[in-house]
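Offset between the sequence shown (1-based) and our numbering: plus 206. The beta carbon of each residue, even a glycine, is placed where N, CA and C say it ideally should be. Each remark here refers to the structure printed beneath this line.
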Amino acid sequence: MLISLHIKNIALISELSLEFSKGLNILSGETGAGKSIIIDSLNFVLGDRADKGLIRFGETTASVQAVFDCPKNEEISEILSQNGIEEDDFLIVRRTMSENGRSECRINGALINLSVLKKVVSLLVDIHSQHENQAILNESNHIKILDKYSKKLSKIKEQYLAAYGEYKRATQELRALSSKEERARKMDILEFQIAEIQKANIAEGEEEALIKERSKCYNAQKLINGLGSAITLLEGDSGFGAAPSVKSAIKELNTLSQYDESYEKLAERLESTKIELEDIIYSLKDELENSSFDTTKLESIEKRIDEIRSIKRKYGDTVEEIENFKAKAEEELFDLQNSAQKEEELAATAEFELNKAVKFAKEMHDIRAEDAIGCEKAIESNLADLGMQGSIFKVEITYPEGDIPGYLTENGADDVKFLISPNKGEPLKPLAKIASGGETSRLMLGLKNITAELEGIDTLVFDEIDTGISGRIAKVVACKLYNIAKTRQVLAVTHLPQLAAMADTHYLISKRVEGEKTLTFVEPLSPQSSITEIMRLAGSLESSESGQENARELKEWANNYKKSLE
207 MLISLHIKNI ALISELSLEF SKGLNILSGE TGAGKSIIID SLNFVLGDRA
257 DKGLIRFGET TASVQAVFDC PKNEEISEIL SQNGIEEDDF LIVRRTMSEN
307 GRSECRINGA LINLSVLKKV VSLLVDIHSQ HENQAILNES NHIKILDKYS
357 KKLSKIKEQY LAAYGEYKRA TQELRALSSK EERARKMDIL EFQIAEIQKA
407 NIAEGEEEAL IKERSKCYNA QKLINGLGSA ITLLEGDSGF GAAPSVKSAI
457 KELNTLSQYD ESYEKLAERL ESTKIELEDI IYSLKDELEN SSFDTTKLES
507 IEKRIDEIRS IKRKYGDTVE EIENFKAKAE EELFDLQNSA QKEEELAATA
557 EFELNKAVKF AKEMHDIRAE DAIGCEKAIE SNLADLGMQG SIFKVEITYP
607 EGDIPGYLTE NGADDVKFLI SPNKGEPLKP LAKIASGGET SRLMLGLKNI
657 TAELEGIDTL VFDEIDTGIS GRIAKVVACK LYNIAKTRQV LAVTHLPQLA
707 AMADTHYLIS KRVEGEKTLT FVEPLSPQSS ITEIMRLAGS LESSESGQEN
757 ARELKEWANN YKKSLE
């Protein structure tokens with residue numbers, strides 16, 4: 207469950223904290239108040255593309271933090287463990303973005319990459335965006351939607367993708383081998399790469415050693431000057447250096463020891479200092495004698511460093527990676543030089559993997575055909591709940607006959623289409639040709655409900671799922687949303703008074719001008735304030751007694767419906 211959302215410097219939001227409750231959370235507000243900003247912020251923290259255009263004007267960074275109440279989930283626990291993230295009862299997901307478009311992701315304070323974040327949050331939240339209503343009309347998406355419904359498909363599909371991937375790889379290599387020109391071109395490239403790596407002959411740790419040596423060369427003149435100055439200060443000029451001064455001090459103390467024996471001990475201590483100074487002077491002179499500034503040597507070092515870095519840019523960041531690249535290139539070159547044998551091996555591999563892929567594709571078809579029946583019944587049941595009694599929903603699956611390899615894709619060999627008859631007596635037709643905006647919204651709501659149950663997702667977010675809906679059907683949709691919210695958390699952005707009346711928690715999104723800035727605010731509404739907002743959604747003036755009465759009746763209808771389910 208999503209507990210809270212903290213947004214900073216996103217569009218019209220300066221800083222905003224939202225706390226959500228269980229059940230049905232409704233967000234409403236005037237057009238342009240910033241409802242889409244809340245959804246954009248949520249999409250961003252859940253892994254959507256970082257759009258620097260979202261950063262508030264005048265700011266350089268933006269951030270969103272989402273806190274989830276996260277009961278034990280084996281999949282999430284495994285992902286967290288694999289990435290060294292400490293597990294807790296709460297999951298704190300934070301994402302920041304800078305004006306250069308770069309973003310940073312963290313879970314429970316640990317820095318992670320975007321793919322890990324997406325894996326985790328996909329198990330917690332499902333967001334229905336406004337464009338998804340159009341996506342369901344696109345037949346290329348139907349097979350993906352059906353596969354979401356399936357519980358048995360994932361393992362077979364994983365095996366299919368492995369075989370299909372190997373089949374494609376083998377056939378591509380086979381095509382490259384069968385072309386003499388392509389083979390000759392590839393051999394030339396490989397021979398050049400191998401020769402370049404061999405000629406460079408980079409040793410482990412060589413670049414680091416050269417960088418240190420270069421640093422010494424850069425600082426050689428400074429070292430020479432510094433050593434000379436240090437020696438002069440210690441030896442002195444005309445007897446005024448540290449060493450002669452210490453020698454003179456010893457002589458004076460020895461004279462004073464005639465009058466007081468304690469000075470003799472001080473003289474002895476200075477004698478030790480004199481010996482140490484003489485040793486230091488000797489070492490400094492030795493260092494100075496061996497120091498020199500060699501421009502030829504520096505140029506040679508620079509040239510070698512450039513050569514090493516050029517090789518690393520092409521073939522790998524480390525000596526080990528470069529050697530691995532060379533070994534792979536040598537193996538590939540050997541195969542090309544002995545292409546006849548390689549062609550036979552690749553042809554055998556391609557045939558073997560193709561047979562496996564076709565076998566798995568047929569198994570996937572059988573599973574889909576079985577799942578389609580359950581999917582049809584589940585969607586028809588949901589559509590009936592949403593005021594579309596008598597609707598017939600059909601999953602049409604076509605499996606090719608004959609040349610199956612020509613039909614294979616990443617989804618197998620099936621062609622899946624959704625057909626619907628929204629009214630009794632009408633023939634089944636493709637969704638795009640028959641479904642109205644309201645029917646599409648209800649169909650999507652039904653699908654989301656089904657897949658969320660199957661995937662165990664606790665939080666569903668709907669951005670204007672009520673598009674094309676009004677009147678009696680709006681009440682039906684409100685009841686369906688409430689029923690869904692009895693077993694999972696629902697967040698819904700709406701412009702319908704019927705949905706707002708059904709809210710367990712109602713939030714108002716508003717826009718205000720403060721000083722020279724326009725800001726978006728979100729606040730939970732009291733029961734009376736909710737009535738006022740329901741009036742506005744219904745198009746009534748705040749002073750209208752009949753409008754207020756209608757809003758109260760709508761709220762009473764919602765409360766009575768909730769009580770009927772207790």
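Helix, strand or coil at residue i according to DSSP, with G and I counted as helix
i: P277; result: coil
i: Y713; result: strand
i: L861; result: This structure leaves residue 861 out entirely; the chain is present only between 207 and 772.
i: T615; result: strand
i: I675; result: coil
i: N215; result: strand
i: D353; result: helix
i: K692; result: coil
i: I663; result: coil
i: T724; result: strand
i: E293; result: coil
i: L329; result: coil
i: R308; result: coil
i: S220; result: strand
i: E379; result: helix
i: I362; result: helix
i: L208; result: strand
i: I285; result: helix
i: E748; result: coil
i: E670; result: coil
Rounded straight-line distance, which links the Cα of residue j to that of residue i
i: Y366; j: L383; result: 26 Å
i: A217; j: R262; result: 4 Å
i: I244; j: D664; result: 19 Å
i: I481; j: S489; result: 13 Å
i: R420; j: L504; result: 6 Å
i: K769; j: W763; result: 10 Å
i: A698; j: L330; result: 16 Å
i: K428; j: D492; result: 16 Å
i: M708; j: K568; result: 46 Å
i: K686; j: G662; result: 18 Å
i: C276; j: L320; result: 20 Å
i: V682; j: E379; result: 57 Å
i: I579; j: I626; result: 14 Å
i: A757; j: S716; result: 20 Å
i: Y373; j: A563; result: 8 Å
i: A575; j: A619; result: 13 Å
i: G674; j: E549; result: 59 Å
i: V198; j: K509; result: Because the chain is modelled from 207 through 772, residue 198 falls outside the range shown and cannot be assessed.
i: K457; j: Y469; result: 11 Å
i: A341; j: N347; result: 7 Å
i: F531; j: Y521; result: 6 Å
i: A179; j: E410; result: The shown model of the chain, from 207 to 772, leaves out residue 179, and the question about it has no answer.
Chain D within 8 Å of residue i, Cβ atoms only
i: E345; result: Absent from the structure: chain D. Only one protein chain is present.
N-terminal and C-terminal residue of the alpha helix (DSSP H) that residue i is part of
i: S770; result: E751 to S770
i: S736; result: P733 to A744
i: P450; result: A448 to L462
i: P703; result: P703 to A707
i: S468; result: S468 to E495
Cβ-based burial, residue i [other Cβ within 10 Å; buried from 16]
i: N617; result: buried
i: D512; result: exposed
i: E645; result: buried
i: T726; result: buried
i: R519; result: exposed
i: F398; result: exposed
i: R308; result: exposed
i: V696; result: buried
i: K386; result: exposed
i: T302; result: buried
i: V667; result: buried
Near the ligand ZN: residue i beta-carbon under 7 Å from a heavy atom
i: V699; result: Of the ligands one can find in the structure shown there are none, so the ligand ZN has no counterpart to examine.
The beta strand (DSSP E) enclosing residue i, as first and last residue numbers
i: T501; result: Unbroken run through T501 is the alpha helix (DSSP H), T501 to Y521; no beta strand (DSSP E).
i: E529; result: Element bounds for E529: not the beta strand (DSSP E) but the alpha helix (DSSP H), V525 to Q543.
i: L317; result: A316 to I318
- Secondary structure, beta strand (DSSP E): runs of 3+ residues fully inside the stretch 625 to 659: none
- Could I get the ranges of all uninterrupted beta strand (DSSP E) runs contained in the stretch 225 to 282, with 3 residues as the minimum, in chain order? 230 to 235 and 267 to 275
- Whole runs of the alpha helix (DSSP H) within the stretch 384 to 448, excluding any shorter than 4 residues: 386 to 406, 412 to 424 and 426 to 441
- Counting only runs that start and end within the stretch 547 to 630, where is the beta strand (DSSP E) found for 3 or more residues in a row? 598 to 604 and 621 to 627
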